[in-house]
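Using our numbering, you'd call the opening residue of the sequence shown number 22 and step up by one each time.
For each residue, glycine too, the CB sits at the ideal point set by N, CA and C.
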Amino acid sequence: MSEVRRLEVLRAIVEDYVHSREPVGSKALVDRHSLGVSSATIRNDMAALEEDGLIVAPHTSAGRIPTDKGYRLFVDRISDVKPLSAPERRAIQQLLDGADDLDDVMERTVRLLSQLTNQVAVIQYPQLGAAKVRHIEFVLLAPRRVLVVLIADNGKVDQHVAMLPVDVAEDTLATLRTSFLAALSGKPLAGVPSRLKSSAVPAEPAHAQIVEELSVTLAQLAAATSEERILMAGTANLARSTVDFPLSIGPILEALEEQVILLQLLSEMHQDAHGMSVSIGRENPYGSLAETSVVATGYGPGATAKVGILGPTRMDYPTTMAAVRAVARYLSRILAGQP
């Protein structure tokens, strides 16, 4: 059997099954695809594909559907990820360009990717180990209540209200802000807590309690900003694909809630030569995700954080990969401050 034709038959089976959700027979392949051979030849090709574990016959049908191994071969043979259409690219640019801060960018990204793919979109926040303090702001809300704002150089903004043990005046707060900025501006977020513990911010004895409370709040903000976080959107899309999960959708939803599983999976996924990571069915090391596929790619500084989608193994891989890659590229440009 021709190796090239066998791959063409597999490609046709994957594409038809993804589109129709129905097992694919040899006659349908001959009718719908220009394979240049008879139904009998296609049946022989399908028998060989089945023997290789690339397709399988569901017990209720004479047709065939791809296995995880078949999807893997199909994905590995996608030589070029087709670009998105011009309207899709404009929609991505317009939506992401309108974001105000990092949180807004992340939320818009997962919503957009979920809409483009009709799958569950997931994004890791950028790895913040290398992020640095860009700015600190203290806003006096009441004599003993101060809004503490910490801004990182990757656009992440966190804030918290500090309750002071004594009253503080506006001019004193402005002076203290200058001192904190001198000690922390440009310093890595990860080192802020230890730096504040070492009395890096000079203070008059009368202001020692205020400095201590502001230091505790800033340290908490820096630690929270450094935590690994993910956002998701489109979980409802899974409910519309229950036919793709013959066992139960429950374990998948539980795994999505257990965010540590997704964080580990995204961190462990290896990128191919095109920068894409695709984990199919039982390739996922977590049993609850054995009926799903994850398509992801890195973005941002060093491309260490990932953005991607989770859906049934019966998905349109080329279109999904194109959407994930396009969104990641726009996201990287925005975080780098490029137009």
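Identify the residues that DSSP records as bridge partners of residue i: which are they?
i           : result
arginine 85 : Val45
leucine 331 : Val141 and Val315
alanine 326 : Tyr320
proline 209 : Lys153
valine 77   : Ile86
With H, G and I counted as helix, E and B as strand and the rest as coil, what does DSSP make of residue i?
i                : result
glutamate 312    : coil
phenylalanine 95 : helix
proline 164      : coil
glutamate 158    : strand
glutamine 115    : helix
histidine 181    : strand
lysine 153       : strand
serine 135       : helix
methionine 290   : coil
isoleucine 251   : strand
isoleucine 172   : strand
valine 299       : strand
By Cβ distance below 6 Å, which residues in the same chain neighbour residue i in space, the five residues on each side in sequence not counted?
i             : result
threonine 138 : Ile330, Thr341 and Ala344
valine 266    : The amino acid occupying residue 266 in the given sequence is phenylalanine; valine does not appear at that position. Within the same chain, phenylalanine 266 has close Cβ partners Glu312.
arginine 335  : Val39 and Asp265
valine 232    : Val222 and Ala224
leucine 50    : Ala33 and Ile63
Among the candidates the options, whose CA atom is the shortest distance from the CA of residue i?
i             : options                           : result
alanine 227   : Leu185, Arg303 and Leu252         : Leu185
threonine 62  : Asp73, Val77, Gly46 and Gly74     : Gly46
leucine 239   : Val315, Ser206 and Asn65          : Ser206
arginine 42   : Ala69, Pro108, Ser262 and Ala224  : Ser262
glutamine 280 : Ala254, Arg93 and Glu304          : Ala254
leucine 283   : Ala260, Val316 and Asn258         : Val316
alanine 152   : Val143, Asp174, Thr199 and Leu28  : Asp174
leucine 286   : Ile76, Ser300, Met127 and Glu278  : Ser300
aspartate 179 : Gln241, Pro164 and Arg216         : Gln241
proline 164   : Thr193, Lys208 and Asp89          : Thr193
leucine 217   : Val237, Ile270, Ala257 and Gly119 : Val237
leucine 66    : Lys103, Val25, Glu158 and Pro104  : Sequence inspection shows aspartate at residue 66; the leucine mentioned does not correspond to that position. Among Lys103, Val25, Glu158 and Pro104, the Cα nearest to that of aspartate 66 belongs to Val25.
aspartate 121 : Glu278, Gly176, Ala195 and Leu235 : Gly176
Give every residue of the same chain whose Cβ lies closer than 7 Å to the Cβ of residue i, excluding the five residues on either side of it in the sequence, and list them in chain order.
i             : result
alanine 243   : Leu171, Leu210, Val213 and Pro214
lysine 48     : Ser60
valine 348    : Ile113, Thr130, Leu133, Leu134 and Val328
arginine 53   : Asp37
lysine 103    : Pro339 and Ala343
glutamate 128 : Leu252
Does the Cβ-Cβ distance between residue i and residue j come in under 8 Å?
i                : j             : result
isoleucine 251   : glutamine 136 : no
serine 309       : alanine 276   : yes
glycine 321      : proline 147   : yes
glycine 296      : serine 314    : no
isoleucine 355   : leucine 116   : no
glutamine 292    : threonine 325 : no
phenylalanine 95 : valine 35     : yes
arginine 85      : proline 44    : yes
Only counting the same chain, and skipping five residues up and downstream in sequence, which positions put a Cβ closer than 8 Å to that of residue i?
i             : result
glutamate 182 : A small fix is needed here, since residue 182 is valine in this sequence, not glutamate. Contacts found: Leu162, Arg166, Val167, Leu168 and Val169.
arginine 64   : Ser47
isoleucine 99 : Tyr338, Pro339 and Met342
aspartate 89  : Ile301, Gly302, Arg303, Glu304 and Thr334
isoleucine 76 : Leu31, Ile34, Met67, Leu70, Arg85, Ile86, Pro87, Thr88 and Gly91
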